[in-house]
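Numbering (the UniProt record's numbering), first residue to last: 1 to 164.
Virtual Cβ for every residue (Gly too), placed ideally from N, Cα, C.
Since we're looking at a predicted model, the values are computed, not measured.
Data first, discussion second: the structure below is written as structure tokens.
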Ligand code: THU
């Protein structure tokens with residue numbers, strides 16, 4: 001079994017500066033992603049599970065796009081926060097590779113993106129992109145996409161000419 005990832009604290013400046021160094025982001029970007037992903041939980045539409053998920057992503061041009069999960073009376077139709085947020089970013093015209101995806105939930109230790117979201121994220125970033133996972137207490141786990149989705153399948157495996 002894979003070892004559990006280390007849970008770090010956003011309140012510990014050593015943890016945050018090490019994370020920023022390891023993943024080439026600034027402390028200001030880290031703090032903004034933490035704040036915006038946590039805030040985004042407040043717009044979750046989750047009357048069935050009551051499980052709020054907020055997401056904030058850092059785009060190629062250093063802007064931040066946020067979103068949350070949207071459920072549906074026909075349960076499988078509901079959409080996770082990560083896919084809502086990426087859909088929003090892509091349809092706002094952000095086509096460059098995303099630099100960071102942050103997710104926030106109300107549980108501890110932090111929840112990680114579901115399998116479908118991992119694959120969805122895979123389309124729009126490098127395998128080394130960090131995914132920040134925040135819990136209810138400002139603690140977090142950070143892993144690269146390739147850690148969450150090893151041996152993955154992506155756009156480069158399709159021998160097709162790409163359009164828009
Ligand atoms: N959820 C997300 O938004 N992201 C994930 O990666 C895991 C699950 C949502 C879907 C559903 O609205 C609720 O959490 C409970 O599964």
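Residue burial classification, residue 114 (beta-carbon count within 10 angstroms, cutoff 16)
Position 114 of the chain shown, counted from the start, is the residue given in the question as residue 114. Looking at its Cβ environment, which holds fewer than 16 other Cβ atoms inside 10 Å, residue 114 is exposed.
So, at 6 Å on beta carbons, what are the nonlocal neighbours of residue 142 in its own chain, with the 5 sequence-adjacent residues on each side left out?
Counted from its first residue, the chain shown places residue 142 at position 142. The answer, listed in chain order, is 19, 130, 132.
Would you say residue 2 touches ligand 1, meaning its beta carbon is less than 7 Å from a heavy atom?
As a first step, residue 2 is located in the chain shown; it is residue number 2 there, counting from the start. Every heavy atom of ligand 1 is 7 Å or more from the Cβ of residue 2, so no.
For residue 140, which of helix, strand or coil comes out of DSSP?
Position 140 of the chain shown, counting from 1, holds the residue named residue 140. If DSSP states are grouped into helix, strand and coil, residue 140 belongs with the strands.
What's the C-alpha gap between residue 52 and residue 79?
Residue numbering aside, residue 52 sits at position 52 when the chain shown is read from its first letter. Residue numbering aside, residue 79 sits at position 79 when the chain shown is read from its first letter. Cα-Cα distance, rounded: 12 Å.
Classify residue 107 as buried or exposed, calling it buried when 16 or more other Cβ atoms lie within 10 Å of its own Cβ.
Counting from 1 along the chain shown, the entry for residue 107 is found at position 107. Residue 107 is exposed by the Cβ-count criterion.
Ligand 1 and residue 125: does any heavy atom of the ligand fall closer than 7 Å to the residue's C-beta?
Against the chain shown, residue 125 aligns to sequence position 125. Checking the Cβ of residue 125 against ligand 1 gives no.
Straight-line Cα distance separating residue 147 from residue 9
Position 9 of the chain shown holds residue 9. Position 147 of the chain shown holds residue 147. Each residue's Cα considered, the two are about 20 Å apart.
Nearest-residue set for ligand 1, Cβ under 6 Å from any heavy atom
46, 49, 51, 53, 69, 71, 78, 80, 81, 82, 113, 114, 117
Where does residue 123 land, buried or exposed, given buried means 16+ other C-beta within 10 angstroms?
Position 123 of the chain shown holds residue 123. That one is exposed.
Whose C-alpha, out of 48, 32, 58, 61, is nearest the C-alpha of residue 69?
Residue mapping note: residue 69 aligns to position 69 of the chain shown, counting from 1. Ranking 48, 32, 58, 61 by Cα distance to residue 69 puts 48 first.
So, using beta-carbon positions, are residue 149 and residue 119 closer together than 8 Å?
Numbered from its first residue, the chain shown carries residue 149 at position 149. Numbered from its first residue, the chain shown carries residue 119 at position 119. Yes; because the gap between Cβ atoms is below 8 Å, this pair is in contact.
Identity of the residue in 101, 164, 38, 87 nearest residue 62 by Cα:
By one-based count along the chain shown, residue 62 stands at place 62. When only C-alpha atoms are compared, the closest one is 101.
Bounding residues of the beta strand (DSSP E) (the contiguous stretch that carries residue 55)
Working through the chain shown from its first residue, we reach residue 55 at position 55. Segment 53–58, the beta strand (DSSP E) holding residue 55.
Using DSSP's beta-bridge definition, name the partner residues of residue 67.
By 1-based counting over the chain shown, the position of residue 67 is 67. Beta-bridge pairing links residue 67 to 55.
What are the boundary residues of the beta strand (DSSP E) that includes residue 38?
Mapped onto the chain shown, residue 38 falls at position 38. Per DSSP, residue 38 belongs to no beta strand (DSSP E); it is in the alpha helix (DSSP H), 27–40.
Here's a check: name, in chain order, each residue in its chain whose Cβ is nearer than 7 Å to the Cβ of residue 137, leaving out the five neighbours to either side.
Numbered from 1 along the chain shown, position 137 holds the residue referred to as residue 137. Closer than 7 Å at the Cβ level, and outside the excluded window around residue 137, lie 108.
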